[in-house]
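Novice: The structure that follows is given in the form of C-alpha cells.
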Amino acid sequence: MRIRHFAYVSLIALALTGCNDALETAQVDLSKVKNKVEQPLPPHILAAMSAKGMDRNSPIMIRIFKEEGAMEIWKAKTDNRFDKIADYKICAWSGRLGPKVKTGDRQAPEGFYDLTRANLNPNSKYYLAINTGFPNRYDAANGRTGSDLMIHGACSSSGCYSMTDQQVLEIYAFARDAFKGGQATVQLQAFPFRMTAENMVKHRLDSNYEFWKMLKVGYDNFEVTKRPPEVNVCEKKYVFNQQATDGGAFNAAGKCPAMSTPPALTAALASYGKTYDADYAKAMSKYDGMAWYDPSEAERKAVVAKLRKGRELAFAPTGTSLEAGRMVKVAELEDLMAKRTAHSVTTQSATGATPATPAQPQATAVAAAAPAVVPVPMQNPLAFTAPEPQETAEAVTKKPFWKFWARN
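Residues 80 to 487 (the working numbering) are what the sequence shown spells out, left to right.
Given below as C-alpha cells:
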C-alpha cells in the first residue's frame with residue numbers, strides 16, 4: 080500500500096513538473112489565432128496575475144536590459160505596487176550598448192519612454208508592433224534623431240527590439256488590456272544592463288557612463304518604490320520624481336525649476352545608496368585593472384549562428400552581450416577599441432561613407448571614482464495616471480507623490 084501511495088504521489092509530482100515545463104516553453108500556434116489584436120493572454124499568465132493580486136486590466140510597465148537580452152513586463156497589484164508578471168528573451172537587437180544618437184546608427188534606444196494607445200500598431204509587417212516613442216523630450220532636446228523604432232515580431236532588427244511573433248502577441252495583449260483598463264501611458268524603461276554596483280564598475284570606462292549614471296537615478300527610484308517614476312526633462316537631462324515648486328514648470332532645454340523631494344523617498348534612497356556604495360567598493364576591488372569588453376553585433380550573432388539554420392533569411396537572432404563579451408585588462412580593452420575604430424574608418428573610406436561618431440564604448444580613461452551618492456528624485460502620482468508635463472503652460476496640479484508613497 081505504501082509503495083502504491085508513493086508511486087501515486089510521484090506520478091502527480093511528475094505531471095506537475097511536466098505542466099510547469101509546458102507553461103514555460105509552450106507557444107501559441109499562430110495559424111490558429113483568428114484575431115491577433117484581440118488574442119487573450121494565455122491561462123497560465125491570467126492565473127499568475129490572480130495569484131499576485133493583479134487585475135487583468137491593471138497598469139503595466141515594460142523594462143528592457145540590452146546586455147542580457149531581456150524584456151520584462153511589470154504589472155500593478157491591488158496595493159498599487161508593481162510586480163514582475165512575465166519576462167522574455169529578446170530575439171534580436173542591433174548595435175551595441177549605448178543610446179541611439181542619430182538616424183542610421185542602428186542603435187536601439189535607451190532611456191524612459193511613454194507609450195500610449197496610439198503607439199500600438201496592429202497592422203505591422205512584423206506581425207504586431209509597439210512604437211517605442213523615440214525620440215522623446217530628452218532625445219529631442221539633445222538633437223538625437225531617428226523614427227519608427229519598435230518592439231515588434233519577426234526576430235530581425237535595425238534599431239528595434241525584435242521578439243518572436245509568439246512573444247509580441249503576448250506583449251501586445253498586456254499593453255492592450257492595460258489601456259482598456261484606463262492606463263493613459265505605459266512607461267518603457269530601456270537600460271543597457273541591470274544597474275547594479277558590479278555592472279556599473281564593469282562598464283566604468285565606457286564613454287556612455289555619464290549617461291548611464293543619469294538613467295540609474297530612475298532605475299534606483301523604481302527599485303525603491305516599485306512604481307514607475309515620474310519622468311521630466313530640464314537642462315537637457317532626465318529628472319525623476321521631482322516636484323516643481325514656486326509655480327515652476329519643466330522645460331526640456333530650459334533651466335530646471337526649483338524642485339523638492341518627498342522626505343520618505345529621500346530617506347529610502349539614502350538607505351539604498353549606502354548599500355550600493357558598499358557594493359561598489361567591493362566590485363572595484365574585485366575588478367581592479369579590469370573592464371568589460373562590449374562585443375560588436377557581429378560577434379553576438381556569431382555566438383548564435385546555429386539558430387538560423389533551417390529558418391527563413393529574415394530570422395536574425397543576435398544573441399546577448401553576456402554570451403559574446405568578456406572581462407579584459409584595461410590595456411587590452413584600449414587595444415581592442417583602437418582596432419575597432421581603425422577598422423570602422425577603413426570600412427567607411429572604402430565605401431565612401433562619412434565617418435560617424437560611434438555611440439559605442441571608447442576606452443578613453445574615465446576616472447574610476449567612487450560612485451556618486453544616489454541622486455534625490457521627485458514626486459509621482461503613478462506614471463499611468465500622471466498627465467503629460469506642460470513645458471510652457473502653468474504646471475498641472477497633481478496629487479503629491481509622497482501621499483501615494485506613505486500610504487502603503
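Yeah, the Cβ is synthetic: ideal placement off N, Cα and C, and Gly gets one too.
Only a predicted model underlies this, so the values are computations on that prediction, with no experimental measurement involved.
To the nearest angstrom, report how far apart Val116 and Tyr251 are at their CA atoms.
Specialist: Here residue 116 corresponds to residue number 37 of the sequence shown, with the count starting at 1. Here residue 251 corresponds to residue number 172 of the sequence shown, with the count starting at 1. Using only the alpha carbons, I get a separation of about 8 Å.
Novice: Apart from the five residues on each side of it in sequence, which residues of its chain come closer than 6 Å, Cβ to Cβ, to Thr399?
Specialist: Translated into the one-based positions of the sequence shown, residue 399 becomes position 320. Correct list, in chain order: Glu147, Gly148.
Novice: What is the DSSP secondary structure of His282, counted as helix, strand or coil?
Specialist: The residue you call residue 282 lines up with position 203 of the sequence shown. In the structure shown, His282 sits in coil (DSSP, three-state: anything other than H, G, I, E or B).
Novice: Looking at Lys365 and Val280, is the spacing between their C-beta atoms short of 9 Å?
Specialist: Position 201 of the sequence shown holds residue 280. Position 286 of the sequence shown holds residue 365. Closer than 9 Å, so yes.
Novice: Determine the DSSP secondary structure at Tyr288, reduced to helix, strand or coil.
Specialist: Along the sequence shown, read from residue 1 onward, the residue named residue 288 stands at position 209. Residue state, collapsed to three classes: helix.
Novice: Using a 10 Å radius around the Cβ and a threshold of 16 neighbouring Cβ atoms, would you call Glu289 buried or exposed?
Specialist: Locating residue 289 in the sequence shown gives position 210, where the first residue counts as 1. Flag for Glu289 reads exposed.
Novice: If you scan the segment 134-221 from start to end, which runs of the beta strand (DSSP E) of 3 or more residues do you find wholly inside it?
Specialist: Counting only runs of 3 or more, we get 139-144, 149-155, 161-168, 190-194, 208-210.
Novice: If Glu376 sits next to Ser173, beta carbons under 8 Å apart, how far is it from one beta carbon to the other, in whole angstroms?
Specialist: The residue given as residue 376 occupies position 297 in the sequence shown. The residue given as residue 173 occupies position 94 in the sequence shown. Yes, they are in contact, since the Cβ atoms of Glu376 and Ser173 sit about 6 Å apart, within 8 Å.
Novice: Closer than 8 Å is the cut-off here; do at least three beta carbon pairs connect the segment 152-165 with the segment 124-137?
Specialist: Flag = yes, the segment 152-165 and the segment 124-137 touch.
Novice: Which value, in whole angstroms, describes the spacing of the CA atoms of Gly238 and Glu402?
Specialist: As a working mapping, residue 238 is identified with position 159 in the sequence shown. As a working mapping, residue 402 is identified with position 323 in the sequence shown. The straight-line gap from Cα to Cα measures roughly 20 Å.
Novice: Taking Cβ to Cβ, would you say Ile139 is nearer than 9 Å to Met150?
Specialist: Position 60 of the sequence shown, counted from the first residue, corresponds to residue 139. Position 71 of the sequence shown, counted from the first residue, corresponds to residue 150. Cβ atoms of Ile139 and Met150: not closer than 9 Å.
Novice: What's the C-alpha gap between Trp291 and Val112?
Specialist: Within the sequence shown, numbered from 1, the residue matching residue 291 stands at position 212. Within the sequence shown, numbered from 1, the residue matching residue 112 stands at position 33. C-alpha separation (whole angstroms): 40 Å.
Novice: So, for Pro214: in the same chain, excluding its five sequence neighbours on each side, which residues have a beta-carbon less than 6 Å away from its beta-carbon?
Specialist: Stepping through the sequence shown from its first residue, residue 214 is reached at position 135. For Pro214, where only same-chain residues beyond five positions count, the Cβ hits under 6 Å are Arg223.
Novice: I'd like the span of the alpha helix (DSSP H) that includes Arg379, first residue to last.
Specialist: Within the sequence shown, residue 379 is the residue found at index 300, counting from 1. Here the alpha helix (DSSP H) through Arg379 covers 376-382.
Novice: Between the C-alpha atoms of Gly297 and Tyr240, what's the straight-line distance to the nearest angstrom?
Specialist: On the sequence shown, residue 297 is found 218 positions in, with the first residue counted as 1. On the sequence shown, residue 240 is found 161 positions in, with the first residue counted as 1. Going by the C-alpha atoms only, they are around 21 Å apart.
Novice: Specify the secondary structure class of Phe258 as computed by DSSP and reduced to three states.
Specialist: The residue you call residue 258 lines up with position 179 of the sequence shown. Helix, per DSSP.
Novice: Under 8 Å: do the segment 328-336 and the segment 194-206 share three or more Cβ pairs, one atom per stretch?
Specialist: Segments in contact, no.
Novice: When the Cα of Thr211 is compared with those of Ala219, Asp193, Ala233, Asp218, which residue comes out closest?
Specialist: Here residue 211 is taken as the residue at index 132 of the sequence shown, counted from 1. Looking at the Cα atoms, Asp193 is the closest of the given residues.
Novice: Considering only the beta carbon of each residue, do Phe191 and Pro308 sit closer than 9 Å?
Specialist: Along the sequence shown, one-based indexing puts residue 191 at 112. Along the sequence shown, one-based indexing puts residue 308 at 229. For Phe191 and Pro308, yes; Cβs fall inside 9 Å.
Novice: Report the rounded CA-to-CA distance for Asp325 versus Phe319, giving the unit in angstroms.
Specialist: As a position in the sequence shown, residue 325 is number 246, starting the count at 1. As a position in the sequence shown, residue 319 is number 240, starting the count at 1. Between Asp325 and Phe319, the C-alpha separation is close to 18 Å.
Novice: My guess is that Ser129 and Ala257 are in contact by the Cβ rule of under 8 Å, so how many angstroms apart are they, rounded?
Specialist: Here the question's residue 129 lines up with position 50 in the sequence shown. Here the question's residue 257 lines up with position 178 in the sequence shown. Not really, about 16 Å apart at Cβ, beyond 8 Å.
Novice: Would you mind working out which of Val265, Pro374, Lys145 sits nearest Leu499, comparing C-alpha positions?
Specialist: With the chain covering 80 to 487 only, the question about residue 499 has no answer from this structure.
Novice: Thinking C-alpha only, which one of Pro201, Thr264, Asn300 is nearest Ala349?
Specialist: Numbered from its first residue, the sequence shown carries residue 349 at position 270. Looking at the Cα atoms, Asn300 is the closest of the given residues.
Novice: Can you round the beta-carbon distance between Ala362 and Leu284 to whole angstroms, since I take them to be within the 8 Å contact cut?
Specialist: Counted from its first residue, the sequence shown places residue 362 at position 283. Counted from its first residue, the sequence shown places residue 284 at position 205. The pair is not a contact, with the Cβ atoms about 14 Å apart (cut-off 8 Å).
Novice: According to DSSP, simplified to helix, strand and coil, what is Tyr351?
Specialist: Looking up residue 351 in the sequence shown gives position 272. Here Tyr351 sits in helix by DSSP.
Novice: Across which residues does DSSP place Met128 in a beta bridge pair?
Specialist: Reading the sequence shown from its first residue, position 49 is the one you call residue 128. None, per the DSSP bridge assignment.
Novice: Note down the Cα distance separating Pro460 from Glu302, rounded to an integer number of angstroms.
Specialist: Residue numbering aside, residue 460 sits at position 381 when the sequence shown is read from its first letter. Residue numbering aside, residue 302 sits at position 223 when the sequence shown is read from its first letter. Only weak support exists for where Pro460 lies, its pLDDT of 32 falling under 50; the value from the coordinates is given anyway. Rounded to the nearest angstrom, the two C-alpha atoms are 16 Å apart.
Novice: Where do the N-terminal and C-terminal ends of the beta strand (DSSP E) with Ala370 fall, by residue?
Specialist: Locating residue 370 in the sequence shown gives position 291, counting from the first residue. First-last of the beta strand (DSSP E) with Ala370: 369-372.
Novice: On the CB-based measure, 16 or more other CB atoms within 10 Å of its CB, does Leu228 come out buried or exposed?
Specialist: Here residue 228 refers to the residue found at position 149 when the sequence shown is read from its first residue. Answer is buried; the Cβ neighbour count reaches 16.
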